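Working notes, structure below.
4 protein chains.
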Amino acid sequence: MDETYHPRAPAWEVEQWFNTDQAPTLDSLRGKVIVLEAFQMLCPGCVTHGLPQAQRVRQTFPSSKLAVIGLHTVFEHHAAMTPTSLQAFLHEYRITFPVGVDMPGGRDGLPRTMRAYGMQGTPTLILIDAKGRLRQHHFGQVADLALGAEIAELLIEAA
Amino acid sequence: MDETYHPRAPAWEVEQWFNTDQAPTLDSLRGKVIVLEAFQMLCPGCVTHGLPQAQRVRQTFPSSKLAVIGLHTVFEHHAAMTPTSLQAFLHEYRITFPVGVDMPGGRDGLPRTMRAYGMQGTPTLILIDAKGRLRQHHFGQVADLALGAEIAELLIEAA
Amino acid sequence: MDETYHPRAPAWEVEQWFNTDQAPTLDSLRGKVIVLEAFQMLCPGCVTHGLPQAQRVRQTFPSSKLAVIGLHTVFEHHAAMTPTSLQAFLHEYRITFPVGVDMPGGRDGLPRTMRAYGMQGTPTLILIDAKGRLRQHHFGQVADLALGAEIAELLIEAA
Amino acid sequence: MDETYHPRAPAWEVEQWFNTDQAPTLDSLRGKVIVLEAFQMLCPGCVTHGLPQAQRVRQTFPSSKLAVIGLHTVFEHHAAMTPTSLQAFLHEYRITFPVGVDMPGGRDGLPRTMRAYGMQGTPTLILIDAKGRLRQHHFGQVADLALGAEIAELLIEAA
């Protein structure tokens, strides 16, 4: 049982969703652990490491208890990474979990959700517990062993 | 909390230990989660997958709460995988956790600990909880994400 | 010395070049062996295998004797793989050899150079000898050992 | 055509051969290009890189024109890497090309062939041309692309 204080995760500001009919929200996912994978489709570290890891997470843990959500946080090359390009990217890389396009318009040219979470770049992996609280924030690579342990801890807490 | 019944792990029968001054036993490790990595030094799957994973486990989790124990379970090519060869192997592959040589003499030519645990081959990874009970038995490859989650579950139980 | 007959490589029809000030042509490259790497920026096999291999070729052989030319042969998801997106892709993946955008308008919706070479998809790697003749056509993956040998054969012929 | 002077490769001094009925010699292989892979069975770089590369060479080039010969050059942990251990190693790693055990007794504790070729360690890959002359000496890793080109050059010379 975790007794320390954890802040609530900021709401997502998304202009368009792919791979889902209904826009997922922190409220609608309450009760599930959330793995939020922030990426850019032209970021090599996301293509090589972050997104394949998010897909492994999706295959390893039951979707009744854990949600994997992608967030396309474009902060450079905006004209190159439009939603149209993203849609083809998701198709070609066979990414089937819901992916939201982060809303432009945050300060410093960052999209709003990226700004609200204080992300430093891509890939960033965020863990949100079943009560909607921020629990882990990984910028860059996190190893599967450590991530598996972190996810399990939140799943057990939620049970 | 785990309420189901789990059998006690069989005691290890070891003829020689490397990388440790005192022979570790299930009793001496009581209170710690144990990752038991059974391998043969000339088994390619052990060299490529099993032993590197055991080393990652050692680096990821605190040794105050989790023990990694290697077990050299030679069931073929006995003259090729003597303790002398094993010692050089451990040195060259920089394996620093304790490794025991499984005692010959089990039925069907299997060494005794391998027989007692019902192992089907190498690599085999066994998880033993802090109370000395058998909790997982993986023959062949297990993915890091799943293993990290299984270890975390046992660590949380023990806490 | 190669005595068999080899057809001339078809001229490239390119609507825009990146990473070069002057449009390379078969004539301007006469005397050099050419590695032509046909790819699509959203093709996972191109990103994982084809383009890294082309970069290794560029680093391994002298540019005075061998030219590496990329060809962006978009035959699907046209709106997703515009020249604007390609430019950002080349920047993010640090591809520095010249890359041409294959001219749309071939039969069956294929771009023109792709059609002229009879390519079946991406990645495709074409070897052109120093006399401008077609010598190898690999669709999918070709191993580095075999490719290194094929390139060396053409370099020796040219010397 | 190569006009420079290349020294003759030293004869191999081997105490035992595996995977062959007749001891291969430089004379018996005259007319073929030879890839000589010097390794130790407990050398991680040999297991990870050198030997798999030698196997790829064997699969890529015709055995009528190119011979792959392994040489077990034990210069440390002698008791751990006996011919008995080597035999099991070759079986488990499915190495099917001829492998000779380098004769002990060179100066400085090095085996004799290793000493004669001036090898600095393992893995070492030596290329010998069809006339029995030394042409390349790689200590450590050599990339497949470069090696493929070097082999092709010697094969073309021999033709």
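Each protein sequence line maps, in turn, to chains B, X, G and Z. For the record, in the first sequence the residue sitting at position 104 is 104 according to my numbering, with numbers rising by one throughout. For the record, in the second sequence the residue sitting at position 38 is 38 according to my numbering, with numbers rising by one throughout. For the record, in the third sequence the residue sitting at position 148 is 148 according to my numbering, with numbers rising by one throughout. For the record, in the fourth sequence the residue sitting at position 1 is 1 according to my numbering, with numbers rising by one throughout. In this text, a Cβ means the ideal position worked out from N, Cα and C, and glycines have one as well. Since this is a predicted model, take the numbers as computed values, not measurements.
Once you ignore the five residues that flank residue i on each side, which residues in its own chain have a CB closer than 6 Å to its CB?
i, result
"Ala54(Z)", "Glu37, Val68"
"Gln136(X)", "Leu127, Glu150"
"His49(X)", "Gln141"
"Ala143(X)", "none"
For residue i, count the other beta carbons within 10 Å of its own beta carbon; 16 or more makes it buried, fewer makes it exposed. Which is it?
i, result
"Gln87(B)", "buried"
"Thr25(X)", "exposed"
"Pro123(Z)", "buried"
"Gln59(X)", "exposed"
"Pro62(X)", "exposed"
"Ala152(B)", "buried"
"Thr20(Z)", "exposed"
"Ala9(B)", "buried"
"Thr212(B)", "Residue 212(B) cannot be examined here, being either before or after the span of chain B that is shown, 1 to 159."
Given that residue i touches chain D, what residues does it touch there, using C-beta distances under 8 Å?
i, result
"Asp144(Z)", "Going by chain labels, chain D is absent from the structure shown, which instead holds the protein chains B, X, G and Z."
Assuming residue i and residue j are in contact, meaning their beta carbons sit under 8 Å apart, how far apart are those beta carbons, in whole angstroms?
i, j, result
"Ala130(G)", "Leu154(G)", "7 Å"
"Met81(B)", "Leu42(B)", "6 Å"
"Val33(Z)", "Lys65(Z)", "7 Å"
"Gly145(G)", "Gly148(Z)", "Reading off the sequence shown, one finds Leu at residue 145(G), where the question assumed Gly. Contact flag correct, Cβ pair sits at about 4 Å."
"Phe97(X)", "Gly70(X)", "6 Å"
Only counting the same chain, and skipping five residues up and downstream in sequence, which positions put a Cβ closer than 7 Å to that of residue i?
i, result
"Val101(G)", "Val14, Glu15, Gln16, His72, Pro83, Leu86"
"Cys46(Z)", "Phe39, Gln40, Thr122, Pro123"
"Arg107(Z)", "Arg115"
"Pro111(Z)", "Thr73, Val74, Phe75, Asp102, Met103, Pro104"
"Gly109(B)", "Phe75"
"Ala23(X)", "Val14, Trp17"
"Thr29(Z)", "In the sequence as displayed, the identity of residue 29(Z) is Leu instead of Thr. Only Ala67 meet the Cβ criterion."
"Gln120(B)", "Phe139"
I'd like to confirm the pairing. Which residues does DSSP put opposite residue i in its beta bridges?
i, result
"Ile128(B)", "Ile34(B), Leu134(B)"
Among the residues of its own chain, which have a CB less than 8 Å from the CB of residue i, if the five just before and after it don't count?
i, result
"His6(Z)", "Asp129, Arg133, Leu134, Arg135"
"Leu51(G)", "Glu37, Phe39, Gly70, Tyr93, Ile95, Pro123"
"Val99(B)", "Trp17, Phe18, Asn19, Ile69, Gly70, Leu71, His72, Leu86, Leu90"
"His78(B)", "Pro104"
"Val57(X)", "Val35, Leu66, Val68, Leu147, Ile151"
"Gly31(X)", "Ala130, Ala158"
"Asp27(B)", "Gly132"
"Thr4(B)", "none"
Within 7 Å: the Cβ of residue i and any heavy atom of the ligand FAD?
i, result
"Gly105(X)", "This structure simply doesn't include the ligand FAD, nor any ligand for that matter."
Extract the residue ranges of the alpha helix (DSSP H) inside the stretch 1-67 of chain Z, only unbroken runs of 4 or more that lie entirely within it. 51-60
Extract the residue ranges of the beta strand (DSSP E) inside the stretch 68-151 of chain B, only unbroken runs of 3 or more that lie entirely within it. The DSSP assignment places 99-102, 124-128, 134-139 as complete runs of the beta strand (DSSP E) inside the stretch 68-151 of chain B, in order along the chain (cut-off: 3 residues).
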